[in-house]
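Student: What follows is a structure written as structure tokens; I'll ask about it next.
Residue numbers (the working numbering), protein chains in the order written: chain R, 754 to 1068; chain U, 10 to 253.
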């Protein structure tokens, strides 16, 4: 059982950890975890069923979740609290046969001055037969406006038969530039659910790209993307669902634009089999006037009504 | 008390929708607005809630001129409005909508009680989103529940019966009576439904943007709820349905 002694955690990092992990520090430290901070390690702990090792060929971790592990959570957050850092990390997650676990990752950048700060996390998920996993990923940027904060996550998913992966991904402001790439390959009866929510404001730019190959019979993907682009921000969405056999694919891209925000959605469906059922839905527009009116008749101000609508939409 | 004085409404380039409407709604009374579709009933409801602005005329609440007040200000003065066509919200749950309506976090008991009043099971519905997965009838009942969560002086219900089953409807009738009799709330209900007309204190018939007939239920009800008038051209009860 590997363990790296925990170093002191400063207040900025604590605050970031709380937000990106959606948990208090005590919960985070109670099971398996690895805290990455400014390209170093602030602490690591295995549990009986979840083993975290350093990668031998580069920066990053190999996380082994034993077959049959049920109900455990593993936290793998990354924080950057100084500027001028260009962090690159490769994390591989092996979820054993029949396991059912929650993986909480995410990245927070809090800088107060100076040079750009960038985190590039490359996460690969290998789900064995019948494995179930929920992967929660939250990205946030805080601190000085003049520092460019960049988060470029890459997620690669390999799902064996009857496995189930749910990716719950949130980026709620403060990240100046992001390119999020997700690729997945699914075997028979495997299911992938992706829920992505992105809020951009000011001059921020968020690009997101999905490519899902449905290779096994009765495999399925449900891809739900919700975006809110405010200020002068830009969001670009690309998805490509490839059905190579009898399979089911559904993608849904909803965008709210406010002020001078822009959303560019390019969904693509490729059916290489006559039994592939692929559906795409997309809707982009400003907040419906009748929604604001309804909430105003309940006593909310126009600003509070807009906030409630956007908060709900991105939840 | 709500006073509507000489209300006119004619959107630019369109026909006149309201033509000199004057009405007084006393405290603790239930007034039914009825009449043919397209007659202007929903427009009057929107004018009271501040969702539409009249071309001329005035609306007074307890003597205060609220004609220039916006929907938020009117809601805060105690005016509530249940839309004829409920609005859907992606991501907002029934629980959240009801708490927004209350203006603060509501207890589970309060939420379950209001859901029961509209004939719904809180355990089944409170966590669901107010989106396209709910049927028209479910949306209608949640719309009414959202209004019941508020502390109101005056509530406008626009065709509350639409899409509601008989069992829930009976419960709703009791809710209307309780609002009027115990909470001393003024109610304006737009309806074609005989059962609602039968509990009204006053019935107002709105036709072609004007007040046609107006009087106490005892006089109005027998006039308009004749059972043998199927072929009568003047009967509006047969013209059921909504206006936009």
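Glycine residues also receive a C-beta, built at the ideal position from the N, C-alpha and C atoms.
So what does DSSP say about residue 901(R), is it helix, strand or coil?
Tutor: The residue labelled residue 901(R) in the question sits at position 148 within the first chain. If DSSP states are grouped into helix, strand and coil, residue 901(R) belongs with coil.
Student: Name the chain R residues whose beta carbon is nearer than 8 Å to that of residue 159(U)?
Tutor: The sequence position of residue 159(U) within the second chain is 150, counting from 1. Here the neighbours are 1051, 1052.
Student: What residues in the region 66-81 of chain U have a beta carbon less than 9 Å from any beta carbon of chain R?
Tutor: Result list: 79, 80, 81.
Student: Determine the DSSP secondary structure at residue 192(U), reduced to helix, strand or coil.
Tutor: As a position in the second chain, residue 192(U) is number 183, starting the count at 1. It is coil, neither helix nor strand.
Student: Chain U beta carbons: is any one of them nearer than 7 Å to that of residue 1047(R)?
Tutor: Taking the first residue of the first chain as 1, we reach residue 1047(R) at position 294. Chain U, which has a Cβ nearer than 7 Å to the Cβ of residue 1047(R), makes this yes.
Student: So if DSSP puts residue 946(R) in a beta bridge, which residue, or which two residues, is it bridged to?
Tutor: As a first step, residue 946(R) is located in the first chain; it is residue number 193 there, counting from the start. 919(R), 975(R), per the DSSP bridge assignment.
Student: Should residue 1013(R) be labelled buried (16 or more other beta-carbon atoms within 10 Å of its own) or exposed?
Tutor: One-based indexing of the first chain puts residue 1013(R) at position 260. Exposed, because fewer than 16 other Cβ atoms sit within 10 Å of the Cβ of residue 1013(R).
Student: Could you name the residues of the same chain whose beta carbon sits closer than 6 Å to that of residue 247(U), not counting the 5 residues immediately before and after it, in chain order?
Tutor: Looking up residue 247(U) in the second chain gives position 238. Because residue 247(U) sits at a pLDDT of 44, beneath the cut-off of 50, its placement in the model cannot be relied upon, and the point is left open.
Student: Tell me whether the beta-carbon of residue 791(R) lies closer than 7 Å to the beta-carbon of residue 838(R).
Tutor: Counted from its first residue, the first chain places residue 791(R) at position 38. Counted from its first residue, the first chain places residue 838(R) at position 85. Yes, Cβ-Cβ distance for residue 791(R) and residue 838(R) is below 7 Å.
Student: Below 7 Å CB to CB, which residues in the same chain sit around residue 808(R) once its five sequence neighbours on both sides are set aside?
Tutor: Your numbering for residue 808(R) matches position 55 in the first chain. Excluding positions up to five away in sequence, the list reads 814, 815, 843.
Student: Suppose the cutoff is 6 Å on Cβ atoms and the five residues either side in sequence are ignored; what does the same chain contact list for residue 848(R) look like?
Tutor: Counting from 1 along the first chain, the entry for residue 848(R) is found at position 95. Contacts found: 818, 880, 884, 886.
Student: With a Cβ-Cβ cutoff of 7 Å, do residue 1051(R) and residue 109(U) count as a contact?
Tutor: Position 298 of the first chain, counting from 1, holds the residue named residue 1051(R). Position 100 of the second chain, counting from 1, holds the residue named residue 109(U). Closer than 7 Å, so yes.
Student: Just verifying my parser: in three-state terms, what is the DSSP assignment at residue 834(R)?
Tutor: Against the first chain, residue 834(R) aligns to sequence position 81. DSSP places residue 834(R) in coil when its eight states are reduced to three.
Student: If residue 30(U) sits next to residue 39(U), beta carbons under 8 Å apart, how far is it from one beta carbon to the other, in whole angstroms?
Tutor: Residue 30(U) sits at position 21 when you count from the first residue of the second chain. Residue 39(U) sits at position 30 when you count from the first residue of the second chain. Actually they are not in contact, since the Cβ atoms of residue 30(U) and residue 39(U) sit about 19 Å apart, beyond 8 Å.
Student: Give a yes or no on whether the minimum CB-CB distance between residue 18(U) and chain R is below 7 Å.
Tutor: Taking the second chain and counting its residues from 1, the one referred to as residue 18(U) is at position 9. Chain R contact via Cβ: absent.
Student: If you check the beta carbons only, do residue 852(R) and residue 829(R) fall under 7 Å apart?
Tutor: The residue labelled residue 852(R) in the question sits at position 99 within the first chain. The residue labelled residue 829(R) in the question sits at position 76 within the first chain. Against a cut-off of 7 Å, the Cβ pair of residue 829(R) and residue 852(R) comes out as no contact.
Student: Under three-state DSSP, which class holds residue 253(U)?
Tutor: On the second chain, position 244 is the one that residue 253(U) refers to. Here residue 253(U) scores only 36 on pLDDT, less than 50, and its place in the model should not be relied on; the value that follows carries that caveat. In this structure, residue 253(U) counts as coil in the three-state DSSP scheme.
Student: I'd like to know if residue 50(U) contacts chain R, where contact means its C-beta is closer than 7 Å to some C-beta of that chain.
Tutor: Here residue 50(U) refers to the residue found at position 41 of the second chain. No, no contact with chain R.
Student: Rounded to whole angstroms, what is the Cα-Cα separation between residue 729(R) and residue 163(U)?
Tutor: No answer is possible for residue 729(R): the residues shown for chain R start at 754 and end at 1068.
Student: Expressed to the nearest angstrom, what Euclidean distance is found between the alpha-carbon atoms of residue 217(U) and residue 946(R)?
Tutor: As a first step, residue 217(U) must be located in the second chain, where it is residue number 208. As a first step, residue 946(R) must be located in the first chain, where it is residue number 193. Near 54 Å, if we compare the C-alpha coordinates of residue 946(R) and residue 217(U).
Student: By the criterion of Cβ-Cβ separation under 7 Å, what are the contact partners of residue 164(U) in chain R?
Tutor: Counting from one through the second chain, the residue named residue 164(U) turns up at place 155. Under the 7 Å cutoff, chain R gives no residues; its nearest Cβ is about 11 Å from residue 164(U).
Student: What's the C-alpha gap between residue 999(R) and residue 888(R)?
Tutor: Mapped onto the first chain, residue 999(R) falls at position 246. Mapped onto the first chain, residue 888(R) falls at position 135. Taking the straight line joining both Cα atoms gives about 26 Å.
Student: Taking the alpha carbon of residue 32(U) as the reference point, which residue from 219(U), 185(U), 144(U), 234(U) has its own alpha carbon closest?
Tutor: On the second chain, position 23 is the one that residue 32(U) refers to. Checking every option, the nearest Cα to that of residue 32(U) belongs to 219(U).
Student: From the beta carbon of residue 84(U), is the nearest beta carbon of chain R less than 7 Å away?
Tutor: In the second chain, residue 84(U) corresponds to position 75, counting from 1. Yes, residue 84(U) lies at the interface with chain R (some Cβ there is under 7 Å from its Cβ).
Student: If we call anything under 7 Å between Cβ atoms a contact, is residue 941(R) one with residue 969(R)?
Tutor: Within the first chain, residue 941(R) is the residue found at index 188, counting from 1. Within the first chain, residue 969(R) is the residue found at index 216, counting from 1. Yes.
Student: What residues from the region 35-65 of chain U come within 7 Å of chain R, judged by C-beta to C-beta, listed N to C?
Tutor: Hits within the stretch, in order: 58, 60.
Student: Throw me the rounded Cβ distance for the residue 1008(R) and residue 991(R) pair, which I believe falls under 8 Å.
Tutor: As a first step, residue 1008(R) is located in the first chain; it is residue number 255 there, counting from the start. As a first step, residue 991(R) is located in the first chain; it is residue number 238 there, counting from the start. About 13 Å; that fails the 8 Å criterion.
Student: What residues in its chain sit with their C-beta under 6 Å from that of residue 863(R), if we drop five residues either side in the sequence?
Tutor: Position 110 of the first chain holds residue 863(R). Contacts found: 765, 769, 834, 895, 896.
Student: Among 831(R), 876(R), 1061(R), which residue has its Cα nearest to the Cα of residue 870(R)?
Tutor: Residue mapping note: residue 870(R) aligns to position 117 of the first chain, counting from 1. Of the listed residues, the one whose Cα sits closest to residue 870(R) is 831(R).
Student: Determine the closest residue to residue 160(U) out of 46(U), 129(U), 206(U), 87(U), with distance taken between C-alpha atoms.
Tutor: Within the second chain, residue 160(U) is the residue found at index 151, counting from 1. The shortest Cα separation from residue 160(U) among 46(U), 129(U), 206(U), 87(U) belongs to 87(U).
Student: Distance check for residue 1058(R) and residue 211(U), CA to CA, integer angstroms please.
Tutor: As a working note, residue 211(U) is residue 202 in the second chain. As a working note, residue 1058(R) is residue 305 in the first chain. Each residue's alpha carbon lies about 35 Å from the other.
Student: Just how far apart, CA to CA, sit residue 240(U) and residue 127(U)?
Tutor: Locating residue 240(U) in the second chain gives position 231, where the first residue counts as 1. Locating residue 127(U) in the second chain gives position 118, where the first residue counts as 1. Residue placement at residue 240(U) is flagged as unreliable, the pLDDT there being 47, under the threshold of 50; the coordinate-derived value follows with that caveat. Their backbone Cα atoms lie some 35 Å apart in a straight line.
Student: Spatial neighbours of residue 203(U) within its chain, please: CB distance less than 6 Å, with the 5 preceding and 5 following residues excluded, ordered by chain position.
Tutor: Residue mapping note: residue 203(U) aligns to position 194 of the second chain, counting from 1. The residues are 234.
Student: Quick one: what's residue 126(U) bridged to in DSSP?
Tutor: Taking the first residue of the second chain as 1, we reach residue 126(U) at position 117. According to DSSP, which records beta bridges pairwise, residue 126(U) is partnered with nothing at all.
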